[in-house]
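J.: For what it's worth, my numbering labels the leading residue of the sequence shown as 22, then goes sequentially.
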Amino acid sequence: MAYAICIHCGDTKARALDACPECGFVPESVHDRAQSMVATTHNLSEAKLTAVSAALMRGEKVELPFELVLDYMDSFEGRSDFEPPPRIPGKGCGYLVLFGVLAALSLIVLVS
22 MAYAICIHCG DTKARALDAC PECGFVPESV HDRAQSMVAT THNLSEAKLT
72 AVSAALMRGE KVELPFELVL DYMDSFEGRS DFEPPPRIPG KGCGYLVLFG
122 VLAALSLIVL VS
């Protein structure tokens, strides 16, 4: 299962850019976001991630792969919005629209 670690305290979290459930740290700067993206199982082995997490929990400074951090910083530069893409409505929404149309047609038939 993929996971990330907090670059502030080393605790695990589900997604890189989420707030840390332990310390509440939210990566907001471009550099913090880039480091948070690198500190995931997508970019580091579980063994390396565990070692980084343990070092952070001991209060040590850790060095993440510089090139990866730079790559993520480049991808975040100039972006002011970090909102997820809009969610596409599921099938349940279609049923709601269908029900609304049927209700409107029923009212039209009753009124006329």
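Every residue gets a Cβ at the ideal spot worked out from N, C-alpha and C, and that includes glycine.
Could you tell me which of Val-59, Tyr-93, Ser-96, Val-132 sits nearest to Glu-84, measuring between CA atoms?
T.: Val-59
J.: Suppose the cutoff is 8 Å on Cβ atoms and the five residues either side in sequence are ignored; what does the same chain contact list for Arg-63 look like?
T.: The amino acid occupying residue 63 in the given sequence is His; Arg does not appear at that position. The residues are Ala-23.
J.: Answer yes if the stretch 69-88 comes into contact with the stretch 28-35, meaning at least three C-beta pairs across the two stretches below 8 Å, and no otherwise.
T.: yes
J.: Just how far apart, CA to CA, sit Leu-123 and Val-90?
T.: 54 Å
J.: So, for Ala-55: in the same chain, excluding its five sequence neighbours on each side, which residues have a beta-carbon less than 7 Å away from its beta-carbon?
T.: Val-90, Tyr-93, Met-94, Phe-97
J.: Is Arg-54 near the ligand MG, with its Cβ less than 6 Å from a heavy atom?
T.: The model depicted lacks the ligand MG and carries no ligand whatsoever.
J.: Assign Ala-23 to one of three DSSP states: helix, strand, or coil.
T.: coil
J.: Could you check the C-alpha separation between Leu-65 and Ser-127 for me, to the nearest Å?
T.: 59 Å
J.: Alpha carbon to alpha carbon, what distance is there between Cys-41 and Phe-120?
T.: Note on geometry: alpha-carbon atoms of Phe-120 and Cys-41 lie some 41 Å from one another.
J.: For Pro-48, does the count of other Cβ atoms within 10 angstroms reach 16, so buried, or fall short, so exposed?
T.: buried
J.: What first and last residue would you give for the alpha helix (DSSP H) that runs through Ala-76?
T.: 67-78
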